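Just below is one structure, and these are the notes that go with it.
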Amino acid sequence: MNHLKTALVVLLLQFSVSLHAAEFCVTTATELYNALTVAESNASHDIIKIAEGSYVTNGVPFNYDENLGWDLDISGGWTDHSGNPCGQQLGNNPYGTILDGNSNSGVLLIGLSGDTNLRVANLYFTNGYDAASIGAGLYIYHGSNPIMGTIVIENNIFINNETEYASALYSYGGDKTIVRNNLFFANHALEANSVMIFQRGGYGVYFTNNTVAFNTAAISLTLKAGAFISVNSPSQGLVANNVFWGNGHEDLALFGSGDIYLKNNNLGTMAEGSNYNTPLESRDNFSLPPRFDAGSLNFTPSAISPLVNAGVKPCFFCPIPIPFDESWSLGATDLAGNLRTQSSKVDIGAFESSHDRDLIFWGIFE
0 MNHLKTALVV LLLQFSVSLH AAEFCVTTAT ELYNALTVAE SNASHDIIKI
50 AEGSYVTNGV PFNYDENLGW DLDISGGWTD HSGNPCGQQL GNNPYGTILD
100 GNSNSGVLLI GLSGDTNLRV ANLYFTNGYD AASIGAGLYI YHGSNPIMGT
150 IVIENNIFIN NETEYASALY SYGGDKTIVR NNLFFANHAL EANSVMIFQR
200 GGYGVYFTNN TVAFNTAAIS LTLKAGAFIS VNSPSQGLVA NNVFWGNGHE
250 DLALFGSGDI YLKNNNLGTM AEGSNYNTPL ESRDNFSLPP RFDAGSLNFT
300 PSAISPLVNA GVKPCFFCPI PIPFDESWSL GATDLAGNLR TQSSKVDIGA
350 FESSHDRDLI FWGIFE
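At position 289 of the sequence shown the residue is numbered 288 (numbering that gives the first Met the number 0), and the sequence of numbers has no breaks.
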């Protein structure tokens with residue numbers, strides 16, 4: 000009898016959730032504008048599936064600005080199955096769903112409130128431009144008070160976006176921010192940074208398995224072209240398994256009063272000094288040429304790359320309570336749709352290779 004009651008409760012909960020979730024399948028830029036507009040005010044959680052293709056802005060960014068506290072899940076990579084253009088998501092074509100600012104507008108602006116949760120996945124942000132703004136690729140502002148909601152940005156590509164600050168990605172607020180398995184490449188800031196994340200006092204930031212490479216900034220040597228992560232106490236931050244390499248000026252800057260853990264990164268240069276955050280724990284980081292496979296826009300580690308199997312995984316048998324720097328997930332797949340963990344090991348960066356670590360190569364440096 001108890002099992003029957005439990006099953007009925009689960010069914011009722013599932014039915015209740017379905018009543019408050021709207022789903023959109025998008026195949027044109029006009030449909031994307033319309034879906035975002037409807038989702039702002041339809042008093043339901045929203046799922047927007049974007050079919051593979053190119054979506055060019057019409058001079059203004061794709062925009063979503065809600066104030067009712069409903070969740071949004073927006074993702075690309077959807078393809079036809081049985082006549083449904085959003086019938087399946089294979090996840091093996093990271094460049095397949097293009098959101099294009101056409102070099103005359105930002106790409107996607109998202110404003111959130113209340114306990115809203117957000118997920119943005121499997122999208123290619125390119126050609127965003129705004130000479131006097133922030134976040135030309137993806138701009139997220141979560142203005143909840145008290146601080147609530149989770150932001151997840153995973154398996155996206157940001158290339159050739161340009162603005163004053165945070166040329167590729169700007170994210171502010173929320174209780175928890177998760178940025179994992181993304182590529183940030185060849186973005187240009189007129190002032191500073193390709194990525195800026197501000198955590199203003201919530202749970203914290205997890206910035207893991209991203210490739211932040213060869214971005215540029217124009218103005219000051221005191222400002223950075225790579226990633227800027229600000230964590231204010233009691234928020235904490237984990238920065239792990241990332242490639243920070245070849246960005247103009249410093250590749251990484253940490254800021255704020257919160258505790259930050261810096262683990263297993265390939266880190267070219269890092270901003271240091273009294274103005275910056277000194278990590279509470281810094282271990283197994285190194286600075287070596289990343290050595291990617293040959294080919295245009297190929298960021299998969301080569302057979303002799305120091306990135307191969309050099310990442311860290313969260314604990315399997317965890318203490319209770321689970322520490323902040325162990326309470327995270329790698330995600331199921333890398334940016335190309337490959338299994339994120341192979342042979343029980345993980346690479347550094349957004350792409351997982353099928354190689355084993357080259358012991359002869361590593362013997363040169365160890």
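Backbone N, C-alpha and C fix where the C-beta goes; we use that ideal spot for every residue, glycine too.
A quick note: this is a predicted structure, and the numbers were derived from the prediction, not measured.
Neighbour flag for residue i against chain B, beta carbons, 8 Å
{"i": "Leu89", "result": "The structure shown contains no chain B, having only a single protein chain."}
Buried or exposed by the 16-neighbour rule on C-beta atoms within 10 Å, applied to residue i
{"i": "Thr29", "result": "exposed"}
{"i": "Val59", "result": "exposed"}
{"i": "Gly161", "result": "At residue 161 the sequence reads Glu, which differs from the Gly that was named. Buried."}
{"i": "Asn116", "result": "buried"}
{"i": "Ala42", "result": "exposed"}
{"i": "Gly82", "result": "exposed"}
{"i": "Glu271", "result": "exposed"}
{"i": "Glu280", "result": "exposed"}
{"i": "Leu296", "result": "exposed"}
{"i": "Ile347", "result": "buried"}
{"i": "Leu67", "result": "exposed"}
{"i": "His80", "result": "exposed"}
{"i": "Phe316", "result": "exposed"}
{"i": "Asn33", "result": "exposed"}
{"i": "Gly136", "result": "buried"}
{"i": "Ser132", "result": "buried"}
{"i": "Ser342", "result": "exposed"}
{"i": "Pro289", "result": "buried"}
{"i": "Pro93", "result": "buried"}
{"i": "Gly294", "result": "exposed"}
{"i": "Ser40", "result": "exposed"}
Own chain, CB closer than 6 Å to residue i, minus 5 neighbours either side, in chain order
{"i": "Asn121", "result": "Ser74, Gly75, Gly76, Asn154"}
{"i": "Ile158", "result": "Thr125, Phe184, Ala185"}
{"i": "Ala226", "result": "Val194, Val211, Leu251"}
{"i": "Glu22", "result": "Ile46"}
{"i": "Tyr171", "result": "Tyr140, Phe197"}
{"i": "Asp324", "result": "Leu237, Tyr260"}
{"i": "Glu51", "result": "Thr78, Gly95, Thr96"}
{"i": "Asp72", "result": "Ile46, Arg118"}
{"i": "Tyr205", "result": "Ile177, Leu237, Trp327"}
{"i": "Ser104", "result": "Thr56, Gly58, Val59, Pro60"}
{"i": "Ser17", "result": "Confidence at Ser17 is low in this model, with a pLDDT of 46, below 50, so the placement of that residue is unreliable and no value is reported for it."}
{"i": "Ile152", "result": "Val119, Val178"}
{"i": "Cys314", "result": "Glu325"}
{"i": "His187", "result": "Glu161, Ser166, Thr215"}
Same chain, Cβ closer than 8 Å to residue i, neighbours up to 5 away in sequence not counted
{"i": "Arg339", "result": "Asn180, Asn208, Leu329, Gly330, Ala331, Thr332, Asp333, Val345, Glu351"}
{"i": "Phe254", "result": "Phe227, Ile228, Ser229, Val230, Asn274, Tyr275, Asn276"}
{"i": "Asn1", "result": "At Asn1, the pLDDT of 45 sits below 50, so the modelled position is not reliable; the number obtained from the coordinates is stated separately. Closer than 8 Å at the Cβ level, and outside the excluded window around Asn1, lies no residue."}
{"i": "Gly257", "result": "Gln198, Gly203, Val230, Asn231, Ser232, Pro233, Ser234, Gln235, Gly236, Asn276"}
{"i": "Pro84", "result": "Cys24, Thr26, Ala50, Trp77, Thr78"}
{"i": "Ser112", "result": "Glu65, Asn66, Leu67, Gly68, His141, Gly142, Ser143"}
{"i": "Ser53", "result": "Ile97, Asp99"}
Reduced DSSP secondary structure (H/G/I, E/B, other) of residue i
{"i": "Glu249", "result": "coil"}
{"i": "Thr26", "result": "coil"}
{"i": "Glu271", "result": "coil"}
{"i": "Asn337", "result": "coil"}
{"i": "Val37", "result": "helix"}
{"i": "Glu51", "result": "coil"}
{"i": "Tyr32", "result": "helix"}
{"i": "Phe213", "result": "coil"}
{"i": "Phe350", "result": "coil"}
{"i": "Asp129", "result": "strand"}
{"i": "Ala325", "result": "Checking the displayed sequence, the identity of residue 325 turns out to be Glu instead of Ala. DSSP places Glu325 in helix when its eight states are reduced to three."}
{"i": "Asn62", "result": "strand"}
{"i": "Pro320", "result": "coil"}
{"i": "Val311", "result": "coil"}
{"i": "Asp45", "result": "strand"}
Short Cβ contact (8 Å threshold) for residue i with residue j
{"i": "Asp70", "j": "Gly110", "result": "no"}
{"i": "Gly90", "j": "Gly336", "result": "yes"}
{"i": "Thr176", "j": "Ile150", "result": "yes"}
{"i": "Gly148", "j": "Asp174", "result": "yes"}
{"i": "Gly267", "j": "Gly236", "result": "no"}
{"i": "Tyr128", "j": "Gly100", "result": "yes"}
{"i": "Gly369", "j": "Ala165", "result": "For residue 369 there is no data in the structure shown, the boundaries of the chain being 0 and 365."}
{"i": "Leu108", "j": "Asn62", "result": "yes"}
Nearest neighbour of residue i, chosen from the options [CA to CA]
{"i": "Asn263", "options": "Glu249, His248, Phe243", "result": "Phe243"}
{"i": "Ser353", "options": "Pro318, Pro300, Gly200", "result": "Pro300"}
{"i": "Ala191", "options": "Glu163, Ala167, Gln198", "result": "Glu163"}
{"i": "Leu306", "options": "Asp292, Phe316, Ser234, Thr26", "result": "Asp292"}
{"i": "Lys312", "options": "Ala224, Val238, Leu296", "result": "Val238"}
{"i": "Arg199", "options": "Ala216, Phe298, Ser295, Pro233", "result": "Pro233"}
{"i": "Asp283", "options": "Glu249, Ala309, Tyr205", "result": "Ala309"}
{"i": "Gly247", "options": "Tyr260, Leu189, Asn33, Leu261", "result": "Leu189"}
{"i": "Ile156", "options": "Val106, Ala131, Ser343, Cys314", "result": "Val106"}
{"i": "Phe285", "options": "Asn92, Asn240, Leu137, Cys24", "result": "Asn240"}
{"i": "Asn144", "options": "Asp114, Leu168, Ala167, Gly136", "result": "Asp114"}
{"i": "Phe213", "options": "Ser304, Phe298, Tyr138", "result": "Phe298"}
Residue i CB to nearest heavy atom of the ligand HEM below 7 Å
{"i": "Glu65", "result": "Summarising the ligand content, the structure contains no ligands, and the ligand HEM is consequently not present."}
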